[in-house]
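Asker:
Number of protein chains: 2
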Amino acid sequence: MTTNAIARTRRFHRAVTSEVGALDSSFLGRGRPLGPARVLHAIGNGLSDVAEIRAHLKLDSGLMSRLLRGLEDEGLVTVTASESDARRRSACLTPAGKAEFAEYEALSDQQASAILSRHPHPEALLQAMDLVATALGFDRTAIQPVPVSDPRAQACLATYYGELARRFPAGFDVSLSADPEARDMEPPRGAFLLAVLDGMAIGCAGLKGTDKGYAEVKRVWVAPSARRMGLAGFLMRAIEDEARALGIATLRLDTNSALPEAVGFYRRSGWTEIPRFNDDPYPDVFFEKHL
Amino acid sequence: MTTNAIARTRRFHRAVTSEVGALDSSFLGRGRPLGPARVLHAIGNGLSDVAEIRAHLKLDSGLMSRLLRGLEDEGLVTVTASESDARRRSACLTPAGKAEFAEYEALSDQQASAILSRHPHPEALLQAMDLVATALGFDRTAIQPVPVSDPRAQACLATYYGELARRFPAGFDVSLSADPEARDMEPPRGAFLLAVLDGMAIGCAGLKGTDKGYAEVKRVWVAPSARRMGLAGFLMRAIEDEARALGIATLRLDTNSALPEAVGFYRRSGWTEIPRFNDDPYPDVFFEKHL
DNA sequence: CAGGGTGCCTGACAAAAGTCAGGCAATATC
DNA sequence: GATATTGCCTGACTTTTGTCAGGCACCCTG
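These protein sequences, in sequence, are chains A and B. Per numbering that gives the first Met the number 0, residue 0 is the first one in the first sequence, and the count goes up by one each step. Per numbering that gives the first Met the number 0, residue 0 is the first one in the second sequence, and the count goes up by one each step.
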């Protein structure tokens with residue numbers, strides 16, 4: 000590691016730390032201390048179980064209790080006993096709370112938009128921010144099953160198709176390909192997994208159930224910002240676990256020699272090349288793996 | 000501004016904010032509260048004037064006074080009256096303070112190095128961090144005169160020469176070019192300006208005095224992360240101000256048609272193309288400007 | 001239904017950070 | 001040389017955040 004590289008990294012930290020002061024302005028800009036603002040933000044983002052919020056924000060139980068009380072006194076949240084377990088409590092925004100949350104969101108959006116709009120090349124800046132964010136937090140990546148209809152899943156697939164269209168010599172039109180029915184990629188026939196980091200999907204993989212004695216792995220994609228970090232391996236291991244849990248013993252997949260990094264990855268990770276097993280126009284390489 | 004772009008920017012903020020928690024671990028990792036640690040850090044980085052530190056850290060005068068007293072009690076700093084103005088005070092690290100500061104530096108270096116070393120492509124990550132840091136803080140850019148021997152100036156020049164070597168069809172060897180004597184680019188004959196952001200040089204420009212009735216503008220360079228943001232314009236205006244202050248009425252410069260963005264920039268900003276005025280082997284376009 | 005565990009609340013503190021009014025000495029201004 | 005200003009200090013606060021022990025209601029287990 001050169002001294003220069005460390006100096007540049009630390010310069011980045013300095014820049015970002017002072018910018019986080021400005022970011023806090025979107026947290027502090029409404030005359031509320033950081034603690035209550037963070038709790039409000041967490042609730043607004045869908046966390047309701049008090050214990051979950053506490054774990055997420057790493058707050059002491061006593062402090063959490065008082066912060067919630069404060070928000071209740073302001074009329075922003077209501078706290079009720081959870082239905083399934085009356086010891087647990089569940090927080091939820093009142094209409095006033097929702098309005099207040101929306102104001103915080105607007106502040107954050109404004110700030111994000113300000114940064115982007117004063118830059119001469121926003122797309123390059125976004126790509127750089129994605130790369131940095133993924134590098135900083137990669138360990139926090141969570142792999143979770145979602146319905147294919149989840150908007151984040153759809154966004155991944157759209158990017159994936161766009162990339163195939165650019166990389167296949169003849170382009171790519173998903174409607175000509177054997178597009179799996181959504182319910183083939185949902186339990187109990189299959190699964191669709193999303194790799195999520197800081198709320199953004201950075202990869203996906205589908206498991207498509209068939210009636211032919213095997214399941215197919217489809218739509219394995221990793222965001223450019225997360226490549227070469229081993230995410231495909233995590234996704235494939237998770238897909239194999241899903242398959243085992245569904246009682247599937249054989250997996251197949253197809254890919255294209257225009258994607259050499261994918262072909263190499265499957266070769267390296269225990270897949271065996273087999274003859275063509277479908278008549279999809281796009282793939283030209285076929286693999287199988289027994290679990 | 001698309002919604003997606005804002006979401007990506009905000010995701011970056013989230014990622015970086017939680018990483019700043021980790022950064023604070025390098026500030027808090029030595030059992031000292033944030034306040035005193037920040038003051039120690041500021042003094043270690045060369046700030047000594049108490050009022051300057053206060054302005055930089057945005058601290059109340061009372062709080063600042065107490066923090067300094069705490070560091071004095073720990074034996075880490077000594078505070079003395081300033082020589083020029085006995086109302087002002089000046090803080091300076093004791094040997095123990097220097098050792099403590101070095102420990103903080105080591106923690107920060109370790110953290111920077113950890114981020115880089117776990118990434119598959121550190122140079123790409125560094126470039127992304129540079130781009131983001133420059134975008135976030137561009138308004139804070141300071142243009143300051145330095146001796147050409149300043150290590151930051153030398154680093155800029157080395158990068159500049161490297162870039163010329165890549166872009167000139169026949170390469171670039173500074174020893175074959177008319178490399179100005181250092182003292183031609185220092186007062187009273189000339190100047191060398193550095194654009195500094197968060198402690199890192201992101202651009203430079205030299206003013207080389209001659210005995211021929213004009214001064215030359217040399218070594219105008221902007222870091223890749225800061226291009227297209229108008230920095231060259233700021234630098235040139237500052238160079239012109241320096242020239243006027245030195246009583247110089249005519250500026251000349253040479254450049255190369257392999258650098259079309261530079262040629263275009265000079266054409267747009269009031270320079271007149273003139274015939275070749277030197278026998279340097281590299282340039283093929285020549286400009287003049289009267290102040 | 002007794003006993004142990006869990007989730008949240010309360011009270012009592014303590015540390016850290018921030019605020020404000022006044023005070024003192026040095027300096028600038030007229 | 002009187003007067004105002006500046007830079008820092010001190011004391012006396014408040015707010016925010018964090019910590020800890022105990023308590024109560026609820027849940028699970030046998």
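We treat Cβ as the ideally placed atom computed from N, Cα and C, and that holds for glycine. Being a predicted model, the structure only gives us computed values, none of them experimental.
When the Cα atoms are used, what is the spatial distance from residue 151(B) to residue 5(A)?
Answerer: On the second sequence, residue 151(B) is found 152 positions in, with the first residue counted as 1. On the first sequence, residue 5(A) is found 6 positions in, with the first residue counted as 1. Between residue 151(B) and residue 5(A), the C-alpha separation is close to 15 angstroms.
Asker: Along the alpha helix (DSSP H) that carries residue 129(B), what are the first and last residues, could you check?
Answerer: In the second sequence, counting from the first residue as 1, residue 129(B) sits at position 130. 121 to 136 is the span of the alpha helix (DSSP H), which, as asked, contains residue 129(B).
Asker: With a threshold of 8 angstroms, are at least 3 pairs of Cβ atoms found where one atom belongs to the stretch 61 to 71 of chain B and the other to the stretch 35 to 52 of chain B?
Answerer: Because the criterion of three Cβ pairs below 8 angstroms is met, the stretch 61 to 71 of chain B and the stretch 35 to 52 of chain B touch.
Asker: For a contact meaning CB atoms closer than 8 angstroms, what does residue 8(B) contact in chain A?
Answerer: The sequence position of residue 8(B) within the second sequence is 9, counting from 1. Under the 8 angstroms cutoff, chain A gives 111, 112, 114, 115, 125 and 128.
Asker: Strictly under 7 angstroms for the Cβ-Cβ distance: is residue 5(B) near chain A by that measure?
Answerer: Here the question's residue 5(B) lines up with position 6 in the second sequence. Answer yes: the Cβ-Cβ gap between residue 5(B) and chain A drops below 7 angstroms somewhere.
Asker: Apart from the five residues on each side of it in sequence, which residues of its chain come closer than 7 angstroms, Cβ to Cβ, to residue 231(B)?
Answerer: Along the second sequence, one-based indexing puts residue 231(B) at 232. 219, 221 and 264.
Asker: Quick one: grab the DSSP three-state call for residue 228(B).
Answerer: Mapped onto the second sequence, residue 228(B) falls at position 229. Residue state, collapsed to three classes: coil.
Asker: Return helix, strand or coil for residue 223(A), following the three-state DSSP convention.
Answerer: Translated into positions along the first sequence, residue 223(A) becomes position 224. Three-state DSSP puts residue 223(A) in a helix.
Asker: Just by C-beta distance, which residues in the stretch 219 to 253 of chain B are closer than 7 angstroms to chain A?
Answerer: Here the close residues are 227 and 228.
Asker: Quick one: using the 10 Å Cβ neighbour count with 16 as the cut-off for buried, is residue 273(B) buried or exposed?
Answerer: If you number the second sequence from 1, residue 273(B) lands on position 274. By the 10 Å Cβ count, residue 273(B) comes out exposed.
Asker: Counting contacts by CB-CB distance shorter than 7 angstroms, is residue 134(B) in contact with chain A?
Answerer: In the second sequence, counting from the first residue as 1, residue 134(B) sits at position 135. Yes, residue 134(B) lies at the interface with chain A (some Cβ there is under 7 angstroms from its Cβ).
Asker: Could you run through the stretch 178 to 199 of chain A and flag, in chain order, every residue whose CB is less than 9 angstroms away from some CB of chain B?
Answerer: Residues 196, 197, 198 and 199.
Asker: Taking its Cβ as the centre, do 16 or more other Cβ atoms sit within 10 Å of residue 227(B), making it buried, or is it exposed?
Answerer: The residue labelled residue 227(B) in the question sits at position 228 within the second sequence. Classification of residue 227(B): exposed, given that the 10 Å Cβ count is below 16.
Asker: On the premise that residue 184(A) lies in contact with residue 147(A), defined as a C-beta separation below 8 angstroms, what is that separation, rounded to the nearest angstrom?
Answerer: In the first sequence, counting from the first residue as 1, residue 147(A) sits at position 148. In the first sequence, counting from the first residue as 1, residue 184(A) sits at position 185. Confirmed, about 5 angstroms.
Asker: For residue 108(B), go through chain A and note every residue whose CB falls closer than 8 angstroms to its CB, in chain order.
Answerer: In the second sequence, counting from the first residue as 1, residue 108(B) sits at position 109. Correct list: 5 and 9.
Asker: Report the start-end ranges of each beta strand (DSSP E) in the stretch 23 to 101 of chain B that is 3 residues or longer and not cut off at the edges.
Answerer: Counting only runs of 3 or more, we get 76 to 80 and 88 to 92.
Asker: Which runs of the beta strand (DSSP E) fall wholly inside the stretch 160 to 189 of chain B and span at least 3 residues, in chain order?
Answerer: List check, beta strand (DSSP E) in window: nothing returned.
Asker: Comparing the C-beta of residue 15(A) with each C-beta of chain B, is any distance below 7 angstroms?
Answerer: Taking the first residue of the first sequence as position 1, residue 15(A) is located at position 16. It does: the Cβ of residue 15(A) has a partner Cβ on chain B nearer than 7 angstroms.
Asker: Report the residues of the stretch 144 to 164 of chain B with a CB closer than 9 angstroms to any CB of chain A, ordered along the chain.
Answerer: Here the close residues are 154.
Asker: Inspect the beta-carbon positions of residue 164(B) and residue 201(B) and report whether they are closer than 7 angstroms.
Answerer: Indexing the second sequence from 1 puts residue 164(B) at position 165. Indexing the second sequence from 1 puts residue 201(B) at position 202. Contact: no.
Asker: Contact between the stretch 107 to 122 of chain B and the stretch 105 to 125 of chain A is defined here as three or more beta-carbon pairs at a separation below 8 angstroms; is this criterion met?
Answerer: No: fewer than three Cβ pairs fall under 8 angstroms.
Asker: Tell me the DSSP secondary structure of residue 262(A) in three-state form.
Answerer: Numbered from 1 along the first sequence, position 263 holds the residue referred to as residue 262(A). If DSSP states are grouped into helix, strand and coil, residue 262(A) belongs with the helices.
Asker: Between which two residues does the beta strand (DSSP E) holding residue 200(B) run?
Answerer: Residue numbering aside, residue 200(B) sits at position 201 when the second sequence is read from its first letter. From DSSP, the beta strand (DSSP E) with residue 200(B) extends over 199 to 208.
Asker: Distance check for residue 117(B) and residue 56(B), CA to CA, integer angstroms please.
Answerer: Here the question's residue 56(B) lines up with position 57 in the second sequence. Here the question's residue 117(B) lines up with position 118 in the second sequence. When rounded, the distance between both Cα atoms is 32 angstroms.
Asker: Note down the Cα distance separating residue 242(B) from residue 195(A), rounded to an integer number of angstroms.
Answerer: Start at 1 with the first residue of the second sequence, and residue 242(B) comes out as number 243. Start at 1 with the first residue of the first sequence, and residue 195(A) comes out as number 196. Roughly 55 angstroms between the two C-alpha positions.
Asker: Note down, in chain order, each residue of its chain lying with its Cβ closer than 8 angstroms to the Cβ of residue 115(B), except the 5 sequence neighbours on either side.
Answerer: On the second sequence, position 116 is the one that residue 115(B) refers to. Around residue 115(B): 121, 124 and 125.
Asker: Using DSSP with H/G/I as helix, E/B as strand and the rest coil, what is residue 144(B)?
Answerer: By one-based count along the second sequence, residue 144(B) stands at place 145. Here residue 144(B) sits in strand by DSSP.
Asker: How would you label residue 136(A), buried or exposed, when you count the other beta carbons within 10 angstroms and need 16 or more for buried?
Answerer: Taking the first sequence and counting its residues from 1, one reaches residue 136(A) at position 137. With 16 or more Cβ atoms within 10 Å of its Cβ, residue 136(A) is classed as buried.
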